[in-house]
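Q: Protein chains in written order, with the working numbering: chain A, 238 to 471; chain B, 238 to 471; chain C, 238 to 471; chain D, 238 to 471. Ideal Cβ placement from N, Cα and C applies to all residues, glycine included. Below is a structure I'd like to ask you about.
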């Protein structure tokens with residue numbers, strides 16, 4: 238299967254601690270732990286022409302991961318619409334952390350996706366649906382300290398599945414790992430992943446994302462089905 | 238509670254049989270069976286300035302019904318965004334029949350909302366969630382003949398609740414009555430209601446819509462919650 | 238509408254602090270804040286013949302609340318089956334706190350309903366579905382201190398709606414307010430309510446239960462539908 | 238992975254046409270199209286001691302398929318409880334056709350699972366969730382003629398996923414392919430499969446069941462989690 242990791246790649250160039258944590262960028266780091274015998278991974282960023290997200294690229298992509306934060310508004314609407322159409326056609330989409338506020342996530346959810354936030358909190362994650370493929374091999378509970386607090390109410394449509402809940406020392410809770418289907422495409426949102434913290438170094442987070450790309454991979458991608466006017470079948 | 242019935246009001250002016258079936262327009266006819274002691278109903282159409290859908294109107298609206306078909310593209314994007322924000326803030330929205338392809342429904346669903354269609358079919362509707370408030374007093378099964386066939390696959394997000402399924406003589410099935418929440422707003426989609434047929438004359442359909450406006454009425458409407466950065470609570 | 242509050246009424250007789258907190262028993266206390274012009278409330282306990290839960294009583298009951306803990310095993314199976322049939326027929330059921338381990342709740346859920354627990358924790362509850370009728374007028378977040386910790390994984394079927402999440406100082410989270418439908422009956426589970434704590438004195442908890450009995454009240458109750466062998470309709 | 242196909246094996250011995258359609262029994266026939274390089278299949282019936290369903294067998298079973306009809310009441314309660322515990326612990330369960338009325342299905346659903354039925358109808362099945370692994374490679378719509386009509390209302394808890402809807406010539410509709418989770422176990426119900434008809438000869442039905450056993454296979458099985466009383470984590 239073919240995976241593309243997209244990252245705006247802005248903080249990496251502006252905040253030294255980010256590039257120290259993630260020398261090849263967050264995208265490069267995620268690529269490093271996803272790539273394996275049967276998963277080939279490429280990356281794309283805001284620096285690429287068309288954000289590196291052309292129809293040619295997406296035609297060949299099974300699952301797209303999306304990390305954005307400071308530059309959501311710089312992603313052209315045509316790129317967003319292109320991703321939207323490919324998700325509807327079956328491409329998997331994994332939205333990471335501050336990607337909750339990306340154009341593409343809000344486009345697919347139909348809500349504001351707003352939430353509460355606060356830097357540098359102790360987080361504890363709980364797996365509440367251990368039978369889900371995304372939870373395979375993941376600990377029942379594990380700590381990320383510090384991670385950015387994301388708190389309810391998270392303005393999302395009721396997820397099809399809530400796999401992880403987050404607990405924060407400061408008193409908040411969060412639906413930290415959720416799934417939806419849009420068209421033929423599977424979507425997974427994962428809350429941890431702040432640029433100045435080390436979530437992507439955590440073995441459980443890596444396992445979750447390795448599981449998620451396999452879960453989101455479509456059996457087959459189809460062109461979107463528009464309205465049709467068929468003859469009676471019976 | 239205050240209800241607004243919006244109708245593009247295009248077919249009524251172009252097709253004599255439609256204005257015969259619905260002399261005051263589909264909007265006027267729906268108003269006639271919704272209005273009662275505690276429900277006041279007004280109407281608005283594409284003919285009104287701003288479609289009759291200003292912030293002043295929506296501030297006072299508990300539930301908006303939406304019928305559109307030929308003129309979806311003539312509804313300005315600002316009107317769509319205005320409705321979107323009020324749904325997120327808690328206004329109920331009931332989308333009728335060909336409104337499945339309206340800008341506002343697709344905006345809230347995050348999918349294409351495409352389906353199969355064919356004129357003049359015999360339809361039989363089944364209630365599969367009789368405990369739902371929208372189903373109160375509605376027959377277990379009833380016939381609409383003819384009605385426009387709408388067939389699966391209906392490209393919608395998995396509904397929170399499927400209350401009615403449709404059976405069509407020509408061999409199709411359909412999720413004919415479904416609910417979702419977006420932000421604080423409740424949404425109900427009802428499939429029957431073709432402009433040249435008599436669905437809105439049917440007592441079960443009238444009962445469903447009477448129930449639906451009560452179900453969708455918010456306890457309280459709030460301004461949308463944008464992201465906030467609170468101090469720790471604990 | 239008619240409500241019955243059932244309580245095993247065991248701790249009240251054995252632990253002085255419980256009868257001090259709830260002089261007329263937990264059932265009497267809950268009755269005191271549910272009763273109003275249009276809601277008549279009676280109580281029943283393990284001390285009554287047939288637990289006070291006969292078919293005659295249930296025939297007249299719109300919503301049953303159930304508090305049990307030490308004496309789940311003393312509730313006869315016939316009583317459980319009687320409640321089950323009435324829920325299937327449309328009677329609402331509200332299961333309180335340690336009622337998670339009652340025969341009737343496990344019978345309706347089809348799972349073990351097991352969880353983690355610990356006495357005397359600080360709990361903070363969050364409302365994540367503020368548009369739900371059960372959440373009307375309830376604060377976005379509120380504290381119960383102390384309350385018994387109930388922690389995930391809570392072995393329940395995925396709820397139809399998760400309205401409240403619980404945060405505990407000791408690091409746990411919980412799906413603290415959830416709904417399901419079984420047959421024609423609506424079910425609500427609410428986690429707080431430990432016998433030596435004061436949850437039922439809390440205004441938000443009282444409001445939640447007042448809302449819940451109205452939400453769970455059936456439009457109409459029907460005898461259970463067994464399998465039938467009808468002639469073709471078409 | 239290891240699969241067990243259980244069949245009461247009653248009609249095969251009493252109705253010649255059944256044993257002609259399914260010479261080795263329905264269980265033997267299902268085994269024949271499930272078995273492949275990485276799936277080993279055994280069978281068990283009511284004729285075996287303990288129904289062939291001992292703890293030793295279930296400990297080694299990833300997914301159990303269940304076909305029953307005339308002899309539901311002859312399956313001992315201890316066998317039902319054994320299957321229940323293994324599902325809660327993670328074993329997948331696929332319930333076939335008239336298995337809707339089996340003790341184990343009703344035990345796990347918490348409802349009556351009643352429905353309408355009629356022999357020898359023309360059925361057309363529609364796939365409404367084509368992105369689901371169980372739907373991979375399955376036609377959008379296909380016909381079974383004749384098949385037993387199973388009609389709504391099907392008294393089941395709202396499924397987590399509805400993958401297939403059934404249309405019947407006589408006017409009924411049905412949720413023909415649905416999933417639930419109970420404990421750690423995944424459950425799939427598939428409606429077609431009447432003993433005197435040929436559903437299991439149909440390529441789409443075979444594909445669905447091949448997909449379903451892979452979908453229901455647990456990553457890992459665990460002993461049931463009973464209530465625990467842990468120390469605070471934080």
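Hey, does residue 418 of chain B have any beta-carbon neighbour from chain A nearer than 9 Å?
A: The sequence position of residue 418 of chain B within the second chain is 181, counting from 1. True, the Cβ-Cβ gap to chain A drops below 9 Å.
Q: Assuming residue 422 of chain B contacts residue 327 of chain B under a Cβ cut-off of 8 Å, what Cβ separation, rounded to an integer in Å, is found between them?
A: Looking up residue 422 of chain B in the second chain gives position 185. Looking up residue 327 of chain B in the second chain gives position 90. Correct: roughly 5 Å between the Cβ atoms.
Q: Along chain D, which residues have their Cβ under 7 Å away from the Cβ of residue 367 of chain A?
A: Here the question's residue 367 of chain A lines up with position 130 in the first chain. The contacting residues are 421.
Q: Closest Cβ-Cβ distance between residue 459 of chain C and chain B: below 9 Å?
A: Residue numbering aside, residue 459 of chain C sits at position 222 when the third chain is read from its first letter. So, interface residue.
Q: Can you find a C-beta in chain C that's less than 9 Å from the C-beta of residue 403 of chain A?
A: Counting from one through the first chain, the residue named residue 403 of chain A turns up at place 166. Residue 403 of chain A counts as touching chain C.
Q: For a contact defined as C-beta to C-beta under 7 Å, what are the partners of residue 468 of chain C on chain B?
A: Your numbering for residue 468 of chain C matches position 231 in the third chain. Those within 7 Å of residue 468 of chain C in chain B number zero; the least Cβ separation is about 13 Å.
Q: How about residue 431 of chain C and residue 356 of chain C: are their beta carbons less than 9 Å apart?
A: Taking the first residue of the third chain as position 1, residue 431 of chain C is located at position 194. Taking the first residue of the third chain as position 1, residue 356 of chain C is located at position 119. Against a cut-off of 9 Å, the Cβ pair of residue 356 of chain C and residue 431 of chain C comes out as a contact.
Q: Tell me which same chain residues have a C-beta within less than 7 Å of the C-beta of residue 284 of chain B, skipping the five on either side of it?
A: For the purposes of this step, residue 284 of chain B is taken as the residue at position 47 of the second chain. So the list reads 246, once near-sequence residues are dropped.
Q: Along the chain, where does the beta strand (DSSP E) that runs through residue 380 of chain A open and close?
A: One-based indexing of the first chain puts residue 380 of chain A at position 143. Per DSSP, residue 380 of chain A belongs to the beta strand (DSSP E) from 378–388.
Q: Hey, could you find the ends of the alpha helix (DSSP H) residue 269 of chain B is sitting in?
A: The sequence position of residue 269 of chain B within the second chain is 32, counting from 1. Unbroken alpha helix (DSSP H) run through residue 269 of chain B: 262–271.
Q: Using a C-beta to C-beta distance shorter than 9 Å, which residues of chain A count as neighbours of residue 452 of chain B?
A: Locating residue 452 of chain B in the second chain gives position 215, counting from the first residue. Under the 9 Å cutoff, chain A gives no residues; its nearest Cβ is about 16 Å from residue 452 of chain B.
Q: For residue 292 of chain B, does the three-state DSSP call read helix, strand or coil?
A: Taking the first residue of the second chain as 1, we reach residue 292 of chain B at position 55. The answer is helix: DSSP assigns residue 292 of chain B an H, G or I state.
Q: Would you say residue 425 of chain C lies against chain D (beta-carbon separation less than 9 Å)?
A: Stepping through the third chain from its first residue, residue 425 of chain C is reached at position 188. So no, residue 425 of chain C is outside the interface.
Q: Report yes if the C-beta distance between residue 295 of chain C and residue 331 of chain C is below 9 Å; otherwise report no.
A: Within the third chain, residue 295 of chain C is the residue found at index 58, counting from 1. Within the third chain, residue 331 of chain C is the residue found at index 94, counting from 1. Not in contact: residue 295 of chain C and residue 331 of chain C (Cβ atoms no closer than 9 Å).
Q: Is the Cβ-Cβ distance between residue 385 of chain B and residue 358 of chain B less than 9 Å?
A: Numbered from its first residue, the second chain carries residue 385 of chain B at position 148. Numbered from its first residue, the second chain carries residue 358 of chain B at position 121. Their beta carbons are under 9 Å apart, which means residue 385 of chain B touches residue 358 of chain B by this criterion.
Q: Taking one C-beta from the stretch 446–456 of chain C and one from the stretch 344–356 of chain C each time, how about it: are there three or more such pairs within less than 8 Å?
A: Cβ pair count under 8 Å is below three, so no.
Q: First and last residue of the alpha helix (DSSP H) that includes residue 333 of chain A?
A: The sequence position of residue 333 of chain A within the first chain is 96, counting from 1. Segment 329–333 is the beta strand (DSSP E) holding residue 333 of chain A; no alpha helix (DSSP H) there.
Q: Check for me: the beta strand (DSSP E) holding residue 281 of chain B runs from which residue to which?
A: Position 44 of the second chain, counted from the start, is the residue given in the question as residue 281 of chain B. Residue 281 of chain B -> beta strand (DSSP E) spans 277–282.
Q: Could you confirm whether any beta carbon from chain A is found closer than 9 Å to the beta carbon of residue 479 of chain C?
A: It is not possible to answer for residue 479 of chain C, since the shown part of chain C is limited to 238 through 471.
Q: Can you give me the C-alpha to C-alpha distance between residue 290 of chain B and residue 395 of chain C, rounded to a whole angstrom?
A: As a working mapping, residue 290 of chain B is identified with position 53 in the second chain. As a working mapping, residue 395 of chain C is identified with position 158 in the third chain. Cα to Cα, the separation comes out at about 39 Å.
Q: Can you tell me which residues form a DSSP beta bridge with residue 355 of chain D?
A: Reading the fourth chain from its first residue, position 118 is the one you call residue 355 of chain D. D:386, per the DSSP bridge assignment.
Q: Give me the chain A residues within the contact set of residue 463 of chain B, using Cβ-Cβ distance strictly less than 8 Å, ordered along the chain.
A: Position 226 of the second chain, counting from 1, holds the residue named residue 463 of chain B. Within chain A, the residues near residue 463 of chain B are 349, 351.
Q: Whose Cβ in chain A lies nearer than 8 Å to the Cβ of residue 406 of chain D?
A: Translated into the one-based positions of the fourth chain, residue 406 of chain D becomes position 169. Correct list: 471.
Q: Along chain C, in chain order, which residues have C-beta atoms closer than 7 Å to that of residue 363 of chain A?
A: Stepping through the first chain from its first residue, residue 363 of chain A is reached at position 126. The contacting residues are 389, 410.
Q: Quick one: what's got a C-beta closer than 6 Å to residue 263 of chain C's C-beta in the same chain, skipping five residues either side?
A: Working through the third chain from its first residue, we reach residue 263 of chain C at position 26. 244, 304.
Q: Using DSSP with H/G/I as helix, E/B as strand and the rest coil, what is residue 365 of chain A?
A: For the purposes of this step, residue 365 of chain A is identified with residue 128 of the first chain, where counting begins at 1. The answer is coil: DSSP assigns residue 365 of chain A none of H, G, I, E or B.
Q: Relative to the alpha-carbon of residue 403 of chain D, which residue among D:374, D:354, D:253, D:397 has its alpha-carbon at the smallest distance?
A: Numbered from its first residue, the fourth chain carries residue 403 of chain D at position 166. Nearest option by C-alpha distance: D:354.
Q: Check whether the stretch 307–325 of chain B touches the stretch 264–271 of chain B, counting contact only when three or more Cβ pairs, one atom from each stretch, lie closer than 8 Å.
A: The stretch 307–325 of chain B vs the stretch 264–271 of chain B: no contact.
Q: Have a look at residue 474 of chain C and residue 308 of chain C and give me their C-alpha separation to the nearest angstrom.
A: Outside the modelled stretch of chain C, which goes from 238 to 471, sits residue 474 of chain C, for which no answer is possible.
Q: Determine, for residue 432 of chain C, whether the minimum Cβ-Cβ distance to residues of chain D falls below 9 Å.
A: Along the third chain, one-based indexing puts residue 432 of chain C at 195. So, not an interface residue.
Q: Please list, in chain order, all residues of the same chain as residue 400 of chain A whose beta carbon is under 6 Å from its beta carbon, the five residues on each side excluded.
A: Position 163 of the first chain, counting from 1, holds the residue named residue 400 of chain A. Closer than 6 Å at the Cβ level, and outside the excluded window around residue 400 of chain A, lie 366, 369, 371, 372, 414.
Q: Taking residue 364 of chain A as the reference, give the member of A:441, A:258, A:341, A:276 with the closest Cα.
A: Stepping through the first chain from its first residue, residue 364 of chain A is reached at position 127. Nearest of A:441, A:258, A:341, A:276 to residue 364 of chain A, Cα basis: A:441.
Q: Measure from the alpha carbon of residue 419 of chain A to the alpha carbon of each residue in A:258, A:466, A:411, A:343, then state which is nearest.
A: Position 182 of the first chain, counted from the start, is the residue given in the question as residue 419 of chain A. Comparing Cα-Cα distances from residue 419 of chain A to each of A:258, A:466, A:411, A:343, the minimum goes to A:343.
Q: Figure out for me which residue from D:466, D:393, D:292, D:299 has the closest Cα to the Cα of residue 524 of chain D.
A: There is simply no residue 524 of chain D to check, as chain D begins at 238 and stops at 471 in what is shown.
Q: Can you say whether residue 310 of chain A is buried or exposed, counting buried as having 16 or more other CB atoms within 10 angstroms of its CB?
A: In the first chain, residue 310 of chain A corresponds to position 73, counting from 1. Residue 310 of chain A should be labelled exposed.
Q: List, from N- to C-terminal side, the alpha helix (DSSP H) runs of 4 residues or more that fit wholly inside the stretch 401–459 of chain B.
A: With a minimum length of 4 residues, the continuous alpha helix (DSSP H) runs that stay inside the stretch 401–459 of chain B are 440–453.
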